[in-house]
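Following the UniProt record's numbering, the numbering of the sequence shown begins with 1 at its first residue and continues without gaps. In what follows, a structure is listed as structure tokens, so that the remarks can point back to it.
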Amino acid sequence: MDNIQDIAQGMQEFKIEAISCTFPQEIIQEILLRLPVKSVIKCTSVCKTWRSMIINQSFIRTHLNPTVHVNNLNASHLFLIHRVAGKRSVSMFHKALVDDVLEEVYSLHYDNKAFDEYSKIEFPIAPKQELYN
């Protein structure tokens, strides 16, 4: 019975490691920097990658320096944009199914308070082929 539990635990760790490899390290770091200290400490047990990121002196300094980082967070909104391009993509229930992924991009953008006009973005965004038809 212990063997089955060990296998299940290993599979869970593998899934967490796979998820953390999906997002770029910069985005995971931005998310972790917004968490309270107790939650960040709990996150050290998620996977080795997160642990090494969290115990890094630079991360600790940034997380514990509220005057710079927290003020920047409160002054702006962040937009996380995820784009996948492939040979064939089908949108089903707002999820893109892509065969043969050619490019996958995550980008994090800060909201600029200098702009006072915003545009509505329709979702899901049409693939390039449909834009020219």
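From the three backbone atoms N, C-alpha and C, an ideal C-beta is built for every residue, glycine too.
task: Quick one: residues in its chain with C-beta nearer than 6 Å to the C-beta of I60, no 5 flanking neighbours on either side, listed in chain order?
output: As a working mapping, residue 60 is identified with position 60 in the sequence shown. Non-local beta-carbon contacts of I60 in its own chain, meaning distances under 6 Å to residues more than five positions away in sequence, are absent.
Closest by C-alpha distance to T62, when choosing among L33, Q25 and V37: Stepping through the sequence shown from its first residue, residue 62 is reached at position 62. The shortest C-alpha to C-alpha distance from T62 to any of L33, Q25 and V37 is the one to L33.
query: Whose C-beta lies closer than 7 Å to the C-beta of R51 among residues of the same chain, with five residues either side of it excluded?
result: Within the sequence shown, numbered from 1, the residue matching residue 51 stands at position 51. The answer, listed in chain order, is T44.
field: DSSP-derived helix/strand/coil call for I55
entry: Translated into positions along the sequence shown, residue 55 becomes position 55. I55 sits in coil when the DSSP states are folded into three classes, being neither helix nor strand.
message: Taking 7 Å as the limit between beta carbons, can you name the residues of its chain near I54, skipping five residues before and five after?
response: Position 54 of the sequence shown, counted from the first residue, corresponds to residue 54. Shown here for I54: same chain residues with a beta carbon closer than 7 Å to its own, the five before and five after excluded, namely L32, V40, C43 and T44 in chain order.
- request: With DSSP collapsed to three states, give me the class of L35.
  value: Locating residue 35 in the sequence shown gives position 35, counting from the first residue. L35 falls in the coil class under three-state DSSP.
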